[in-house]
Amino acid sequence: MNRRAALALPVVALPAQAQPNLAPLRQQARAFGRAFGAAIRSEILAQDADYARLFATEAEILVPEWEGKWEALQPTEGTFDLAPLRSIITAAHGHHQRVRGHALVWHNAMPEWLPRRLADGASAARAALETHFNTILPATRQAIRDWDVINEPIANAPGADNPQAGPNPLRESPWFRALGPDYIEHALRLARSLDPTLRLTLNEYGIEEATPDAEIKRNRLLALLRRLLDRGTPLDALGIQAHLQLRRPFDAQHFGRFLAEIRSMGLAIIITELDVREADQLPPDITARDNAVAQRVREFCSTATQAGCRTIITWGLTDRHSWLTQDRDVARRDNIPTRGLPFDTELRRKPMWHALAGVLSG
Ligand code: G3I
174 MNRRAALALP
184 VVALPAQAQP
194 NLAPLRQQAR
204 AFGRAFGAAI
214 RSEILAQDAD
224 YARLFATEAE
234 ILVPEWEGKW
244 EALQPTEGTF
254 DLAPLRSIIT
264 AAHGHHQRVR
274 GHALVWHNAM
284 PEWLPRRLAD
294 GASAARAALE
304 THFNTILPAT
314 RQAIRDWDVI
324 NEPIANAPGA
334 DNPQAGPNPL
344 RESPWFRALG
354 PDYIEHALRL
364 ARSLDPTLRL
374 TLNEYGIEEA
384 TPDAEIKRNR
394 LLALLRRLLD
404 RGTPLDALGI
414 QAHLQLRRPF
424 DAQHFGRFLA
434 EIRSMGLAII
444 ITELDVREAD
454 QLPPDITARD
464 NAVAQRVREF
474 CSTATQAGCR
484 TIITWGLTDR
494 HSWLTQDRDV
504 ARRDNIPTRG
514 LPFDTELRRK
524 PMWHALAGVL
534 SG
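Mapping of the sequence shown onto the numbering used here: residues 174 to 535, in sequence order.
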């Protein structure tokens, strides 16, 4: 039917209980000036055509789940391998998608040579950082305009699962031990000096829920951000990982006040790794579990968008491939596969998908 004929048709008002808008999340988000994306794995992208098609349809932004980390990019000192990352960039370009980089400075996913090099002292650590940045940022400059430069710099609060924690508000990572607390400012300034228009993000987890530990972490993060910005450190956005946990309470008003504080500093807010860990005690009934996950996502994401967050990224798209099922530290103890992403293992939309659609287009 041509456009003229289509326009001539009477517009039929749908009943109030119209079918939900099933347009792809990237399309619904874009229509309201927002962006939706998801973390992707290059080896699955190459092997699973349905997985690849789902990402092409639903995500405007792709985040390499592993391929942008030191372990992947510089597996041996001075030898770089950008092929896995480039495979994600190539896929993105084929579907008008953007790629955000993750993660330039982190204490995990370090190739085995790196901690040894950092232990050689400050000048060796600075040299390693500069070699990595001087190689990766120019090589990806055309394709990646936004990096998690600093990942998880805040120390977890001392608690039952963290008995060794001390009073230091910063994680005593190999970077911290080699360069002191100024490693954060140093890395951000280095990235900005290499690429003046690159968006620089500091990314953190465990700052979302209404628990004493999250409150301690939020306050430590606010203090770090104030100190960085008071010193004129280049920083554009706070990445909030949002690995939400249903066993922990969420206080929308309190979290909204925290986000308002971040926004008052002039920082953008990005939800960078959204997924939901179910509480083990949830009944195995899938409908109840999916609805509980969707409700938390609706509360959390609407709080974030109301505070000005315009980018929501989930840590994967389908339960078929989620760290929540593969990593024993976070999987359900009853071994029931977690259902913490928008699509199930058969790539069917779940209530979480509809919750995201409602927030992104709300
Ligand atoms: O090591 C192999 C490598 O030899 C092989 O070439 C490659 C092929 O893709 O796979 C590698 O396997 C694993 C990789 O995930 C594949 O995706 C790595 O062993 C494994 O350590 C790695 O785990 C990732 C983890 O970060 C550490 O990098 C998870 O997939 C990823 O979901 C997880 O993501 C983190 C974020 O970066 C930061 N926030 C927390 C989040 C969950 O832990």
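Glycine residues also receive a C-beta, built at the ideal position from the N, C-alpha and C atoms.
- In this structure, residue 414 has its CB closer than 7 Å to one or more heavy atoms of the ligand G3I.
- Distance between residue 330 and residue 312, taken at the CA atoms: about 38 Å.
- Nearest Cα to residue 530 within the set 519, 381, 386, 515: 515.
- Relative to residue 397, the option among 510, 462, 217, 434 whose CA is nearest is 434.
- Pairing residue 448 with residue 416 gives a Cβ-Cβ distance under 8 Å.
- Remark: the shortest separation between the CB of residue 523 and any heavy atom of the ligand G3I does not fall under 7 Å.
- Contact annotation: residue 318 and residue 372 have beta-carbon atoms nearer than 8 Å.
- Taking C-alpha positions only, residue 198 is separated from residue 512 by approximately 18 Å.
- One residue after another in chain order, those with a Cβ under 5 Å from a heavy atom of the ligand G3I are 214, 216, 238, 239, 282, 496.
- Non-local C-beta neighbours of residue 421 in its own chain, meaning closer than 6 Å and more than five positions away in sequence, comprise 382, 384, ordered along the chain.
- Here DSSP, grouped into helix, strand and coil, assigns residue 341 to coil.
- For residue 223, the uninterrupted alpha helix (DSSP H) run begins and ends at 222-231, by DSSP.
- Contact check for residue 210 against residue 235 passes: the beta carbons are separated by less than 8 Å.
- Note on geometry: alpha-carbon atoms of residue 510 and residue 518 lie some 10 Å from one another.
- With fewer than 16 other CB atoms across the displayed protein chains lying within 10 angstroms of its CB, residue 195 is exposed.
- Check the Cα spacing between residue 286 and each of 347, 232, 307: the tightest is with 347.
- Restricting attention to 492, 432, 475, 244, the CA atom closest to the CA of residue 275 is found in 244.
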